[in-house]
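Heads up: the protein sequence lines correspond to chains A and B, in order. Quick note: to get my numbering, add 2 to the position in the first sequence (first position is 1). Quick note: to get my numbering, add 2 to the position in the second sequence (first position is 1). We put the beta carbon where it would ideally sit given N, CA and C, even for glycine. Below: the structure, in C-alpha cells.
2 protein chains.
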Amino acid sequence: MANPVVPSSGVLTPLGLDAVRLAPGFWGDRRTLDQDVIIGHCLEWMDKLGWIGNFRGEPRRGREFADSEVYKLLEAMAWTGDGRFDELAATVVAAQEPDGYLNTRWSGDRYRDFEWGHELYCAGHLIQAGVARWRTAGGHPLTEAVLRAADQVCRRFMEGHEVCGHPEVEMALVELYRLTGAERYLEMARRFVERRGRPALADIELGRAYFQDDVPVRRAPSFGGHAVRAMYLACGAVDVAVETGDTELLAAVEAQWEHTVARRTHLTGGMGSRHTGESFGEDFELPPDRAYAETCAGIGSVMLAHRLLLATGRSRYADQAERTLYNLVAASPALDGRSFFYANPLHVRTPGRVTEDVSPRAESASRAPWFQVSCCPTNLARTFASLPAYVATATPGGIQIHHPTACEIGHDGLTVRVETGYPWSGSVTVRVLEAPDTPRHVSLRLPPWAAGALRPGGAVFRGPGDLTPVRRGAALVFGERVWTPGEVIAAELPMEARWVRPDPRVDAVRGCAAVERGPLVYCAESPGDEVRLAEVVVDATRPPVERTGDSASRSSMTDDALALSRTADDIPAGSGTADDPAHDGPLQGGPLHDGPLHDGALHDGAVELEVRASRRPGTPEAPEDPEGDDGRPYGEAGGAPREEEITLRLVPYHRWGNHGPATMRVWLPTG
Amino acid sequence: MANPVVPSSGVLTPLGLDAVRLAPGFWGDRRTLDQDVIIGHCLEWMDKLGWIGNFRGEPRRGREFADSEVYKLLEAMAWTGDGRFDELAATVVAAQEPDGYLNTRWSGDRYRDFEWGHELYCAGHLIQAGVARWRTAGGHPLTEAVLRAADQVCRRFMEGHEVCGHPEVEMALVELYRLTGAERYLEMARRFVERRGRPALADIELGRAYFQDDVPVRRAPSFGGHAVRAMYLACGAVDVAVETGDTELLAAVEAQWEHTVARRTHLTGGMGSRHTGESFGEDFELPPDRAYAETCAGIGSVMLAHRLLLATGRSRYADQAERTLYNLVAASPALDGRSFFYANPLHVRTPGRVTEDVSPRAESASRAPWFQVSCCPTNLARTFASLPAYVATATPGGIQIHHPTACEIGHDGLTVRVETGYPWSGSVTVRVLEAPDTPRHVSLRLPPWAAGALRPGGAVFRGPGDLTPVRRGAALVFGERVWTPGEVIAAELPMEARWVRPDPRVDAVRGCAAVERGPLVYCAESPGDEVRLAEVVVDATRPPVERTGDSASRSSMTDDALALSRTADDIPAGSGTADDPAHDGPLQGGPLHDGPLHDGALHDGAVELEVRASRRPGTPEAPEDPEGDDGRPYGEAGGAPREEEITLRLVPYHRWGNHGPATMRVWLPTG
C-alpha cells in the first residue's frame, strides 16, 4: 500500500495514495505546489551547495546530516512519482560501501560519535525513501541498497547498547519490517527504543534529556528535550508497540501525548518552547515570542498523531493533527513555495530581516529559501507529497473521513467524492460515485469546535432520504447501509469565528485572547508600520466578523510575497560549506527572484476577519522630569488610558509573513 | 587611590577603600562573608579542579578562559588584603613567557581564535588584578608582570584590526593608563573600542551581534547581544570617552543605557532575556521564567552605572546600580556563601535540582557551588571585595552618599559615620566625627520611590539646628557649611511596601503586579508543596503588609540553607576537566557540607511581607467527556472561578532559594 505507515494491526486501516486522490483545494493545491515548485527548489539548492555532490565523492559540503535531506527529497519524489527520482537515486546508490554502509560524512570513520554523528538518523531516512519507492512503484536499485543498509545496521547494532543521538531509524526499521516481514528489523527497532534512558549516550552540556536519554521511554511522564527528536522517538515507540503488541508502551506514549498537548503545546499545535536545545520547556512554559515550534517538530507531531489514530481510533489525535497541519505545517512555506520558516513563533515584535550577519538558524521573523540545517524544506516536501495518507482510513465496515478536503476516496468498492471549500467554508459534501452491494458506513470526524453543532438548532447534517447519522465518539457515522451512486451526504460545520482564551497557568499569554475560525488560528499582522501591534488592545466581548469587499482583496498575495525569495541560481556555488561550520543561518544572496510566479493555486478564497480594538500608547520612555518616572518600564501607575477606536484586521496565521517584513501576534491583549 | 575605577576627570571623584570603611550591615556583612568564605571557597575549587595547577604546567584543565577566574580571585584578594595573595600571584607570575605573554591555554599557539579564544579577555583580568594590588599595597612582582603583559598586547595589537571576542581588556588598559600615565595603554584601548563593528571578527552561528561586532560602538542604538560582553564593552567605551574627552562616545553609551533600561532590563536590574547566546532580547522581551539575567551581567551593569555616575553625576545611574546590587548581585550567593546562581530568573515553576545529568550551565532553579564556566563566583568575590568603592563619592565641596549602608566615610578632613539598618529600615543617620574648618556639603541620594517623601507630609529629613536640605536633582544636599563633630543628619525614607505594575508592552508579565519595599524586589516562594504558586491570584488593590511574629522568624535561615552546598573537598580532584568539554553544568559531588556554618551575619532583620490572595485551580486536564474540552490549555471558557482566600508570604527576592528546592515568582497574577 502506497502509504508511509502501514501497521499490521490497529483500530483503523490506512488508505494508499492511490485510494485517496486530492483535487484542487487547500491540501490538493499544496501537493501541487510541492510537485511543481518545492521539490525542484530543494533539488536546485542541494545541487548547488554540493550536498548531492557529496555522494559523487566531491569535497564534502554541508552539515553531518546533509545526506538525510537528499533522502527526504527522494522520499518526496517517490510519493509523487517524480521523474527525477532515478537519477538522484542512482547517485546515492553509487556511494554505498560493499557491506551496506552509506554515509558521505563518516565513511572511513564510522560510529565514533553517537551523540552528534546522525549516522543512524541518516540511515533511517534512507530506509524511508526506499520504502516509499517500493510501495509506490516496486523494486528499484535504491530499495536493494536500503536492504543492504538496514542489514548492516542490524549486524552492527543488534548486540550492545548503542543508539543514535537523533531518533528516526526506529520507525524506519519498523516500516521496513512491515514491508518485508523480516523480523530482525522490528527487533532492531525495539532494541533501539528500549536502550534509551538507561542511559545509552554520553552526558552533554544540554543534558541527556536533550536526546531523550534521561529516562527510559516507557517511564517518561511527558515528551521533553529536543522536540523533533522526541516526536520521532515516540513514532518509533508506537510502531514497535503496535507490531509487538506492547500495550504498556503504547499506553505510555498516549499518556505522554496527553500531558504534552495539555501543558506543552502552543495554540497552533507547535511544539518546542526553547531555542536552547530546540526543546520543550516546563509545563505551561509557552511563550508566544520565543516559541520555537520548529516546522519539523510539527511534522513529527502529525506523524505521531496519525500513528496513534490508526492504533486507537480516537479522534482527538486527528483533531490535533488537523490543528498542526493547518496552523504549523501550512505556515512554514511561503505561498510561492520558495522560502520556509524553520521556527514558527506566535508573536514577532520586530519586522524580520534575513541577512547573513545577524540571523542564527532559527531566525523566525522571515522565511528563508534555504538553511545550513535545512531539515524543514525537505520534510515539508515529503509531507505534502504523502498528504493523501492522512485524509481518510478504513475499517471492514466502511471509510472514515478525518480531514475534509476536496478529493476522491475509493476503497473496497465504495468510491466517494468529497466536495468542500474547507477550511474557508464549512460545507462538506460527500457524493457516492460507486458503491458495492453490501452495507458500508461513511463517517466524518466532528472537530471539537463543531461539537455544539449537534445540539438542537446547530448545524445541518443530511444523509440521503431520511438517513440520520449516529454519533460515535467524535465522529458522525452515516450507515451502515447499501449505498446508491449519486447519493449525497451533506454537512455544514459552524464557521463562526470565535475567541479562545488560555488556561491561567500559561503565564506568557495572560490577559490575552486569540481568534479561531474552523480549524484555523488567526493573527494580526502589520506589514510596514500600518499598525503598531504593541499598542493594540482588543475587545474580546464582541465576536470577530468576516471581512468583506475591496479591503479584503488587498491582502491576497502580491509581488511583495516574493521579496524574501531567492532561487538557487542566485547564490554562488559552494556557499555555506563545511568550511564555514559555524554559520548555521539562512542562506541568502543575489537579486530578488524574478522567475515565473506560482500564483493562483493558493488563492483559494482565504477568509479574513476583523475585530474591534483600541490603541494604547506605552508609557513615556525619556522622562523630562525624573521624579516619579525613572524611565524603566515598571512603575506604580496603572496602564495608560486607551485611545482611538480601530478595526484590527486578522489573517489566517498560516498566511502571515507573505507580504514582506511585518510584526505579528496571535495572542491579543484584552486589557 | 584604592578603587577599581579612578578617572582623571568627571563630575564626581571616587573614594578609596581606605576612605569608606564598611561596618556590620547589609553590605558590610557581605564583604565579611567574602573575606571569610567566598574567596576561600573559590580558591579551594580552583585548586582542586587544577585551574591553578595550569600555571604550574600541570595538564591543562578547565575551559579556555579558566585563567581569568584565578585573576579575578587575585583581584578580590588584593582589595581585601588577603594573605594568600602572594603565593597565588607567584604561581601566576612564574608562568609568564619572556616577552610578557601569559595564558595557560594558548601558550605556543597564540592568537588563532579571536572569536572564542578569550586571550585578551584573560589579559584584561590579569591587568585588573595587578592594578588592584598596586592601588592597595603598591608594587609587587605581579604588577611588574602586568606591565610586561600589557606591553606585549600593545606591541602585538597597536596596528591591525583585531579585537577579542569577549570585551574586557579595554577597561583594564584604561585603568592601567590611569595608574601609570603611559598613553599607549589608553590608545590601545581606544583602538580596541573603535575597531568593533567594522566588523573585526568572523561571522558565527549566533551572528556578530553576539560579541557586539555588528555595528560600531558609537552607532549602536541599544545594548545588545551577549549581555556580559555588552556591559564590559560599554565600561571600556566610557573609560576611553572620559580619558580622551570623546563626548560623542559618552553620549552614545548614555543613550544606549537609557534605551536598555527602558526596554531590555528586568525589574531586578537583571539584563539578558535569552539563554540562546546569553543575550539581550528584543525591546520588551522580558520573560520572567526564561530571564537569563546572568550574575556577571548584573555585575557588569553595576560597573557601567558607576562609571556613568562618576562621569555625569546623574543619580539615575546610582538608582539602577542600587536596584541591581540588592536584587541581582545579592541574590546570586547563598546566605552561606558557598553556592551561587549563574542565571537569575524571576519565575521558577519546577523546584530545582542540581544533578550532573540534567543541568546545563545556566540551570537556574538552584544555586551550585561551582561551574565549569565559573565566572560568577569569582566576579562576586572581587565585587564584594571592592564594595566600598561604590558607596560614596567626593567633589571639592563635599561628599555624596549614593548607597546608605553602615560605614564610615572620611575625605579631606571630613569624617562621618553612617548608621542605618537599610534596606530593612528607612532610617539613615549621618553623624559627623571629624570636620575641617572650611565649608563642606553632605548629600544623600534620594531613590525614585522616596521622591514623594519630599512633599508635605512625607518623610522627615533633619539637619543639625535649623539646617534645611536643598534638593539638587535627585539628591538632598545638606550644607555647604562648617560642620561640628557630633552633629547629625537624619533621614527617614518611606519604607511602605508598594505594588509595581509593568508597561503593557512587557507582554510576558501582562496582568501581573510585583511588590517592592525600599530598594528590594520581593517574591513568593514555595518550599516544598506548601503553596502551588501556579494557582495564586493576588489582590493588588490592598497594600502589602509587613509580616510579624513567630511565623516570620520561621523563614530565617535554617540548616536547609545548606542543602545545596558542597565544599571542594567533596569532589574528586580533576572533576569536570578539559577532557569533558561538553559538560558545562554545575559541579556537584559528595555528601552535604557539614563544616562550620557561617551563620548570623546575614540574619540582619530581613523584613517579610504578606499580601491577600486566592487560589484558582487550573482547567481540568484529563477530560472525562472530550466534547467541548479537548484537554488543551486553550478554550472558549473564561478563567475558572476563584476559591479559598489565602495569605501569601513574600520574601526579598535576593533571599529566595535558601531553603531547598522551591518554586518562585516575582510577578504575581492579579486576575
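- DSSP places HIS443/A within a strand segment (E or B) once states are collapsed to three.
- The C-beta separation of SER303/B from MET273/B comes to about 6 angstroms, placing the pair in contact by the 8 angstroms criterion.
- CA-CA distance, THR407/B to HIS168/A, rounds to 55 angstroms.
- Burial check for ASP215/B: the Cβ neighbour count within 10 Å reaches 16 or more, so the residue is buried.
- By the rule that beta-carbons nearer than 8 angstroms mark a contact, GLY637/A touches chain B.
- Under the three-state reduction of DSSP, TYR524/B is assigned to strand.
- The residues MET190, in chain order, have a CB closer than 7 angstroms to that of PHE159/B in the same chain once the five nearest residues on each side in sequence are set aside.
- The residue from THR672/B, PRO466/B, GLU99/B and ARG62/B with its alpha-carbon nearest to that of PRO504/B is THR672/B.
- The CB of CYS514/B comes closer than 9 angstroms to the CB of ASP509, ARG512 and GLY513 in chain A, given here in chain order.
- About 4 angstroms separates the beta carbons of ARG384/A and GLU77/A, which is inside the 8 angstroms limit, making them a contact pair.
- In this structure, ALA222/B is the residue among LEU175/B, ASP69/B, ALA222/B and VAL176/B with its C-alpha nearest to the C-alpha of ARG198/B.
- Any Cβ of chain B closer than 8 angstroms to the Cβ of TRP108/A would place that residue at the interface, and such an atom is absent.
- Between the alpha carbons of GLU498/B and LEU522/B lies a gap of roughly 11 angstroms.
- Going by beta carbons, VAL155/B and LEU128/B fall outside the 8 angstroms limit.
- Going by C-alpha positions, GLU527/B is about 7 angstroms away from ARG667/B.
- In terms of beta-carbon proximity, ASP505/A lines the interface with chain B, with at least one pair separated by less than 8 angstroms.
- Within chain B, the residues whose beta carbon sits less than 7 angstroms from that of LEU269/A are TYR636, listed in sequence order.
- Taking a Cβ-Cβ cut-off of 9 angstroms, HIS120/A has no neighbours in chain B, whose nearest Cβ is about 16 angstroms from it.
- Taking the CA atoms as reference points, TRP47/A sits about 27 angstroms from CYS166/A.
- Scanning chain A for C-beta atoms nearer than 7 angstroms to the C-beta of THR352/B yields GLU284, reported in chain order.
- Under the three-pair Cβ rule at 8 angstroms, the stretch 25-42 of chain B counts as touching the stretch 404-423 of chain B.
- Any Cβ of chain A closer than 8 angstroms to the Cβ of ASP291/B would place that residue at the interface, and such an atom is present.
- Secondary structure within the stretch 177-213 of chain A: the alpha helix (DSSP H) runs of 4 or more consecutive residues, fully enclosed, are 185-197 (chain order).
- Taking a C-beta distance under 8 angstroms as the contact criterion, ARG63/B and PHE386/B do not qualify as a contact pair.
- The beta-bridge partner set that DSSP reports for LEU416/A consists of HIS413/A.
- Proximity to VAL508/A across LEU269/A, ALA476/A, GLY633/A and ARG617/A peaks at LEU269/A, based on C-alpha coordinates.
- PHE159/A: member of the alpha helix (DSSP H) spanning 143-159, first to last residue.
- Distance from the CA of GLY119/A to the CA of VAL8/A, rounded to the nearest whole angstrom, comes to 29 angstroms.
- Shown here, SER388/A sits in coil according to DSSP, grouped into three states, outside any helix or strand.
- With a cut-off of 8 angstroms on Cβ pairs, the stretch 102-112 of chain B is not in contact with the stretch 649-658 of chain A, counting fewer than three such pairs.
- Nothing from the stretch 135-168 of chain B brings a Cβ to less than 7 angstroms from some Cβ of chain A.
- Remark: C-beta atoms of SER10/B and GLU245/B approach each other more closely than 8 angstroms.
- Counting along the chain, no beta strand (DSSP E) covers SER11/A, and no H or E run does either.
- TRP53/A sits in coil when the DSSP states are folded into three classes, being neither helix nor strand.
- Proximity of chain B to PRO6/A at the Cβ level (cut-off 8 angstroms) is not reached, the minimal Cβ distance being about 26 angstroms.
- One finds nothing in chain B with a Cβ atom closer than 8 angstroms to the Cβ of TRP658/A; even the nearest lies about 17 angstroms away.
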